[in-house]
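Undergrad:
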Amino acid sequence: MAGGAGTRLGRGEKPLYEIGGVPMIDRVVGALTDSDVDRIRVVTSPHTPETAAHVDVSTLRTPGDGYVADLERALAAVDLPVLTVTADLPLLTGPVVDRILEETGNGSTAVCVPIDLPRRLGATVDTTMTGGGATVDTTMTGGETGDATPTVDGTTVVPTGVNVVGDTDRTETLVMRERTLAVNVNRPRDARVAEVLA
Numbered sequence: 252m253a254g255g256a257g258t259r260l261g262r263g264e265k266p267l268y269e270i271g272g273v274p275m276i277d278r279v280v281g282a283l284t285d286s287d288v289d290r291i292r293v294v295t296s297p298h299t300p301e302t303a304a305h306v307d308v309s310t311l312r313t314p315g316d317g318y319v320a321d322l323e324r325a326l327a328a329v330d331l332p333v334l335t336v337t338a339d340l341p342l343l344t345g346p347v348v349d350r351i352l353e354e355t356g357n358g359s360t361a362v363c364v365p366i367d368l369p370r371r372l373g374a375t376v377d378t379t380m381t382g383g384g385a386t387v388d389t390t391m392t393g394g395e396t397g398d399a400t401p402t403v404d405g406t407t408v409v410p411t412g413v414n415v416v417g418d419t420d421r422t423e424t425l426v427m428r429e430r431t432l433a434v435n436v437n438r439p440r441d442a443r444v445a446e447v448l449a
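252 is the number of the first residue of the sequence shown in the working numbering; add one for each residue after it.
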């Protein structure tokens with residue numbers, strides 16, 4: 252998923268923002284290439300024309316109506332199950348992707364990390380969770396938490412931007428204590444954290 256406006260980072264097209272001298276989209280595509288994923292499509296929008304021109308894999312252009320609307324459009328164009336990954340995970344690696352694929356199978360799975368992991372790294376965390384017909388938005392920075400943060404087996408978790416969308420309505424949650432999944436680059440602070448860890 253590489254079609255967002257990237258306004259929080261404030262540096263042009265977010266997928267092309269460089270971490271360690273490499274555009275984030277190249278890092279994510281590289282991780283997927285190094286994994287057992289058999290086909291890669293980068294979802295772009297009118298917000299990311301330079302990203303669409305930059306990548307050397309197949310692209311799917313969506314209207315740029317927001318993450319959920321564009322994701323739904325992209326999912327309608329592919330066969331399920333499918334792994335979805337946001338372009339702002341520059342620390343992602345092929346072996347981590349393979350572990351996710353091994354753990355999830357063909358059902359739908361939201362991949363999360365315990366909230367203490369991005370906190371310890373100094374990254375910000377924005378979560379949007381949908382469940383039971385209600386959408387809950389919370390923003391957590393550093394030591395702040397929101398009451399609406401989901402828990403799994405008593406552990407507070409946050410979504411990573413990696414999901415498996417299967418052909419079932421039920422979504423499982425896979426919690427991984429993996430720092431390569433814990434830094435979504437949404438703000439300059441996150442970019443600084445990713446630079447240190449890259």
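Ideal Cβ placement from N, Cα and C applies to all residues, glycine included.
1) Distance check for valine 413 and isoleucine 276, CA to CA, integer angstroms please.
2) Looking at the secondary structure, which residues open and close the beta strand (DSSP E) in which glycine 412 lies?
3) Quick check on this structure: which residue in Val293, Ala442, Val273, Arg262 has the alpha carbon closest to the alpha carbon of proline 369?
4) Can you tell me the Cα-Cα spacing of valine 293 and glycine 263, whole angstroms?
5) Please state whether the Cβ-Cβ distance between aspartate 321 and threonine 313 is less than 9 Å.
6) For threonine 360, count the other beta carbons within 10 Å of its own beta carbon; 16 or more makes it buried, fewer makes it exposed. Which is it?
7) If you compare alpha carbons, which of Gly272, Leu331, Tyr268 is closest to threonine 302?
8) Taking methionine 427 as the reference, give the member of Arg440, Gly417, Pro439, Thr406 with the closest Cα.
9) Out of Val279, Thr422, Pro439, state which residue places its alpha-carbon closest to the alpha-carbon of aspartate 339.
10) Could you compute how far the alpha carbon of glycine 345 sits from the alpha carbon of glycine 271?
11) By Cβ distance, which residues of its chain are closer than 6 Å to leucine 349, with the 5 residues on each side in sequence left out?
12) Around the C-beta of threonine 386, are 16 or more other C-beta atoms found within 10 angstroms, so that it is buried, or is it exposed?
TA: In short, the structure shows the following:
1) 14 Å
2) 406-416
3) The shortest CA-to-CA distance from proline 369 to any of Val293, Ala442, Val273, Arg262 is the one to Ala442.
4) 18 Å
5) Their beta carbons are under 9 Å apart, which means aspartate 321 touches threonine 313 by this criterion.
6) buried
7) Tyr268
8) Looking at Arg440, Gly417, Pro439, Thr406, the one whose alpha-carbon comes closest to that of methionine 427 is Thr406.
9) Val279
10) 18 Å
11) Checking the sequence shown, residue 349 turns out to be aspartate, not leucine. For aspartate 349, where only same-chain residues beyond five positions count, the Cβ hits under 6 Å are Ser286, Asp287.
12) Low local confidence applies: a pLDDT of 30 at threonine 386 is under 50, so the model's placement there is unreliable, with the coordinate-based value given in what follows. Looking at its Cβ environment, which holds fewer than 16 other Cβ atoms inside 10 Å, threonine 386 is exposed.
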